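Residue numbers (the working numbering), protein chains in the order written: chain U, 1 to 270; chain G, 271 to 540. Cβ coordinates follow ideal geometry from the N, Cα and C atoms, glycine included. Note that the structure is a prediction, hence the values are computed from the model and not measured.
2 protein chains.
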Amino acid sequence: MRMERLQAWMSRMCRHPVIAQSDVFQLFLTYRDEREWKTGKRKAEKDETVGPMIFSLVDPEAPDLEPADVEQKCEQYSRFTKAMDDGVKDLLNVGHTHWKRCTGPLPKEYQRIGKAFQNLSAVFSTSGYQGEATLTDALTAAGKIYEEIAEIVAEQPKKDLHFLLETNNEYKGLLGCFPETIAVHKAAIEKQKEGDRLVAAGKISSQEKHGMKQRISSMSYSLQAEMNHFHSNRIYDYNRVMQLYLEEQVNFYQQIAEKLREALGQFTTL
Amino acid sequence: MRMERLQAWMSRMCRHPVIAQSDVFQLFLTYRDEREWKTGKRKAEKDETVGPMIFSLVDPEAPDLEPADVEQKCEQYSRFTKAMDDGVKDLLNVGHTHWKRCTGPLPKEYQRIGKAFQNLSAVFSTSGYQGEATLTDALTAAGKIYEEIAEIVAEQPKKDLHFLLETNNEYKGLLGCFPETIAVHKAAIEKQKEGDRLVAAGKISSQEKHGMKQRISSMSYSLQAEMNHFHSNRIYDYNRVMQLYLEEQVNFYQQIAEKLREALGQFTTL
Chain U
1 MRMERLQAWM SRMCRHPVIA QSDVFQLFLT YRDEREWKTG KRKAEKDETV
51 GPMIFSLVDP EAPDLEPADV EQKCEQYSRF TKAMDDGVKD LLNVGHTHWK
101 RCTGPLPKEY QRIGKAFQNL SAVFSTSGYQ GEATLTDALT AAGKIYEEIA
151 EIVAEQPKKD LHFLLETNNE YKGLLGCFPE TIAVHKAAIE KQKEGDRLVA
201 AGKISSQEKH GMKQRISSMS YSLQAEMNHF HSNRIYDYNR VMQLYLEEQV
251 NFYQQIAEKL REALGQFTTL
Chain G
271 MRMERLQAWM SRMCRHPVIA QSDVFQLFLT YRDEREWKTG KRKAEKDETV
321 GPMIFSLVDP EAPDLEPADV EQKCEQYSRF TKAMDDGVKD LLNVGHTHWK
371 RCTGPLPKEY QRIGKAFQNL SAVFSTSGYQ GEATLTDALT AAGKIYEEIA
421 EIVAEQPKKD LHFLLETNNE YKGLLGCFPE TIAVHKAAIE KQKEGDRLVA
471 AGKISSQEKH GMKQRISSMS YSLQAEMNHF HSNRIYDYNR VMQLYLEEQV
521 NFYQQIAEKL REALGQFTTL
């Protein structure tokens, strides 16, 4: 589980165009000894473009955005990530309940059905009536097959539901970071709104006010890029995991149908 | 349900070689008006060969059985019917539990899964990201299919488990009659054991003692015939209902696999 999650995190980091190419990430991936690690770490610690300062490195090479548009986009991302967070948590909830049922009461019930058939068959075999075997053999076989089905049912979630839950779990984690990210943007927007007042009070020049607008615009373009990256990954990830889930579910039901067909084949029409 | 059970009872009566040909049963089936019914009823009420007296009409045309063998056979039938009664009740128990799960929590869960997929799809569709439809359309379709599966699951027990339970219910009823039947036979065996003492005490002649042995023998042959009839019907009934059950279960799982394959087909490999 730890290994699998580390792998998923690593893949996700590698997929991110900025993180994948950043020095710290590359160092983490490629350092050969403690000396290299320490040197890199020291260099990273001196880096001043951290937190919101990262935006000062961004040059969108695009026209500045209107503050009202920036605010609106920010609201839209906030709504989307909040709604998706709810949706993901809902799916995780029902998924966990389903997992419990599929690994607990349901296989237990199939096992009990299997045992009941075998029990009845054992009783029948004591009848001393001739021609009994045509029924008892088939009934015992059917009982055993229900016990096998119990095992198939109990093992299935590891093959499909697990991945659906893991993907959603990962997204729950990612979505949990958005409120903070969006708060930074909203704070910048508020600051920018103060701009006019500050110009009027002679606290900042209109030149400085223009700089604020430019920086807000850069931030918004960055967030837009991040969202685009998020959406493109999300579409890829959910498409892939849904396909895997449904494929395995098809196999699962198909497999049970096969088993039951085998059980049915044991009976002879009298 | 009443109609179905009446039909099952009628079929069972018609299958019985003695009951099917008895005057009262024929009257029940064929009387045309109240007058015929009353005449037949009066005649039946005058019939003195009821209860254990019925055995006086039986001539096994076979050598008398040894009392020890009669007792042993009687014990065997008692053990068998008791054990089968337990087996049938066990199957009915697990069957009822399974019925409840299949019509209650299980379809509810499939419905919740379906809703969760559709929910997530609805959220995704608000992303404003281009190329979103490849995922949302498929996810909505998958969600709807899970709701259909919920309905299939909930409706299934009526198509198969119902008949398995009805057959076992019928046998529970039949098996419930055996203790009394067997008690009559055991009482006769006890009476016969007293025979030697009664002969010694001069209370009955050895001729009468021989008559007792003959009558016990007839009773035992009758019970043997009844048991043979029971076993042959049982083998037929269980064979038939198990085949029906398994056939329908195969169809059921096959149908779900088909539905899921349909859902899977909505997704495109990106």
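Requested in this report: Determine whether the Cβ of S397 of chain G lies closer than 8 Å to any Cβ atom of chain U.
Outcome: Sequence index remark: in the second sequence, residue 397 of chain G carries index 127 (1-based). So yes, S397 of chain G belongs to the interface.
Query - Where E356 of chain G sits in the DSSP three-state scheme - result: Taking the first residue of the second sequence as position 1, residue 356 of chain G is located at position 86. One point to set straight first is that residue 356 of chain G is Asp, not Glu, in the sequence displayed. Reduced to three states, the DSSP call for D356 of chain G is helix.
Report task. Report the neighbours of A527 of chain G on chain U: residues whose CB is nearer than 7 Å to its CB, in chain order. Result -> Working through the second sequence from its first residue, we reach residue 527 of chain G at position 257. The contacting residues are V250, Y253, Q254 and A257.
Query - C-beta neighbour in chain G for F80 of chain U, strict 8 Å - result: Along the first sequence, read from residue 1 onward, the residue named residue 80 of chain U stands at position 80. Cβ-Cβ to chain G under 8 Å: yes for F80 of chain U.
Query raised in the report: With a Cβ-Cβ cutoff of 8 Å, do L434 of chain G and V511 of chain G count as a contact?
Result: The residue you call residue 434 of chain G lines up with position 164 of the second sequence. The residue you call residue 511 of chain G lines up with position 241 of the second sequence. Yes, Cβ-Cβ distance for L434 of chain G and V511 of chain G is below 8 Å.
Query - Best match in U:L29, U:S11 and U:C102 for proximity to K158 of chain U [C-alpha to C-alpha] - result: Position 158 of the first sequence, counting from 1, holds the residue named residue 158 of chain U. Distances from the alpha-carbon of K158 of chain U to those of U:L29, U:S11 and U:C102 put U:C102 closest.
Report task. For K529 of chain G, count neighbouring C-beta atoms within 10 Å of its own C-beta (all shown protein chains included) and say buried if the count is 16 or more, exposed if not. Result -> By 1-based counting over the second sequence, the position of residue 529 of chain G is 259. Buried.
Query raised in the report: Along chain U, in chain order, which residues have C-beta atoms closer than 9 Å to that of I383 of chain G?
Result: What you label residue 383 of chain G is simply residue 113 of the second sequence in a count that begins at 1. Going along chain U in sequence order, the residues near I383 of chain G (Cβ under 9 Å) are L91, V94, G95 and H98.
Report task. Indicate whether S487 of chain G and V288 of chain G have their beta-carbon atoms separated by less than 8 Å. Result -> Position 217 of the second sequence holds residue 487 of chain G. Position 18 of the second sequence holds residue 288 of chain G. Contact flag unset, no.
Query raised in the report: For M227 of chain U, which three-state DSSP category applies?
Result: Position 227 of the first sequence holds residue 227 of chain U. Helix at M227 of chain U.
Query raised in the report: Count the other CB atoms within 10 Å of the CB of A533 of chain G; is the residue buried (16 or more) or exposed (fewer)?
Result: The residue you call residue 533 of chain G lines up with position 263 of the second sequence. Answer is buried; the Cβ neighbour count reaches 16.
Query raised in the report: What's the C-alpha gap between E418 of chain G and L106 of chain U?
Result: Walking along the second sequence from the start, residue 418 of chain G turns up at place 148. Walking along the first sequence from the start, residue 106 of chain U turns up at place 106. Cα to Cα, E418 of chain G sits roughly 20 Å from L106 of chain U.
Report task. Excluding the 5 residues preceding and the 5 following M84 of chain U in the sequence, name in chain order all residues of the same chain whose CB lies nearer than 7 Å to its CB. Result -> Against the first sequence, residue 84 of chain U aligns to sequence position 84. Cβ within range, chain order: L175.
Report task. List the residues of chain U that N241 of chain G touches, going by C-beta distances under 9 Å, in chain order. Result -> In this structure chain G extends from 271 to 540, so residue 241 of chain G is not present and cannot be described.
Query raised in the report: Which bits of chain U does K291 of chain G rub up against, with CB to CB less than 8 Å?
Result: Along the second sequence, read from residue 1 onward, the residue named residue 291 of chain G stands at position 21. For clarity, residue 291 of chain G is Gln in the given sequence; the question names Lys instead. Ordered by position in chain U, no residue passes the 8 Å Cβ test against Q291 of chain G, which lies about 23 Å from the chain.
**Report entry** Nonlocal neighbours in the same chain, by C-beta distance under 7 Å from I483 of chain G, ignoring five residues either side
**Finding:** As a working note, residue 483 of chain G is residue 213 in the second sequence. It should be pointed out that residue 483 of chain G corresponds to Lys in this sequence rather than to Ile. Excluding sequence neighbours, K483 of chain G sits near D334, P337 and Q462.
**Report entry** S11 of chain U classed as buried or exposed, judged by whether at least 16 other C-beta atoms fall within 10 angstroms
**Finding:** Taking the first sequence and counting its residues from 1, one reaches residue 11 of chain U at position 11. S11 of chain U comes out exposed.
Query raised in the report: When the Cα atoms are used, what is the spatial distance from E48 of chain U to E34 of chain U?
Result: Within the first sequence, the letter at position 48 stands for residue 48 of chain U. Within the first sequence, the letter at position 34 stands for residue 34 of chain U. Just so you know, the alpha carbons of E48 of chain U and E34 of chain U end up roughly 24 Å apart.
Query - Three-pair Cβ contact test at 8 Å for the stretch 107-117 of chain U versus the stretch 221-229 of chain U - result: Of all C-beta pairs linking the stretch 107-117 of chain U to the stretch 221-229 of chain U, fewer than three are shorter than 8 Å, placing the two stretches out of contact.
Query raised in the report: Residues in its own chain within less than 7 Å of A141 of chain U by CB, not counting five upstream and five downstream?
Result: Mapped onto the first sequence, residue 141 of chain U falls at position 141. Answer for A141 of chain U: A263 and Q266, listed in chain order.
Query raised in the report: Any idea what DSSP makes of T539 of chain G, helix, strand or coil?
Result: By 1-based counting over the second sequence, the position of residue 539 of chain G is 269. Of the three classes helix, strand and coil, the one that applies to T539 of chain G here is coil, per DSSP.
Report task. Could you work out which residues of chain G lie near G173 of chain U, taking near to mean beta carbons separated by less than 8 Å? Result -> Position 173 of the first sequence holds residue 173 of chain U. Ordered by position in chain G, no residue passes the 8 Å Cβ test against G173 of chain U, which lies about 16 Å from the chain.
Query raised in the report: Does F537 of chain G have its Cβ less than 8 Å from a Cβ in chain U?
Result: On the second sequence, position 267 is the one that residue 537 of chain G refers to. Closer than 8 Å: yes.
**Report entry** Closer than 7 Å at the beta carbon, the chain G residues around E247 of chain U
**Finding:** Here residue 247 of chain U is taken as the residue at index 247 of the first sequence, counted from 1. The answer, in chain order, is L534.
Query - Assumed close pair S220 of chain U, K73 of chain U - CB separation to whole angstroms, cut-off 8 Å - result: Start at 1 with the first residue of the first sequence, and residue 220 of chain U comes out as number 220. Start at 1 with the first residue of the first sequence, and residue 73 of chain U comes out as number 73. Sure, about 6 Å apart at Cβ, within 8 Å.
**Report entry** Contacting residues, own chain, Cβ-Cβ under 8 Å from H96 of chain U (five flanking each side not counted)
**Finding:** The residue labelled residue 96 of chain U in the question sits at position 96 within the first sequence. Only L165 meet the Cβ criterion.
Query raised in the report: Is the closest heavy atom of the ligand SAM to the C-beta of A133 of chain U under 7 Å?
Result: Of the ligands one can find in the structure shown there are none, so the ligand SAM has no counterpart to examine.
Query raised in the report: Just to confirm, are V94 of chain U and E379 of chain G a CB contact at a threshold of 8 Å?
Result: As a position in the first sequence, residue 94 of chain U is number 94, starting the count at 1. As a position in the second sequence, residue 379 of chain G is number 109, starting the count at 1. In contact: V94 of chain U and E379 of chain G (Cβ atoms closer than 8 Å).
**Report entry** R234 of chain U burial status per 10 Å Cβ neighbour count (16 or more: buried)
**Finding:** Residue mapping note: residue 234 of chain U aligns to position 234 of the first sequence, counting from 1. Buried, because 16 or more other Cβ atoms sit within 10 Å of the Cβ of R234 of chain U.
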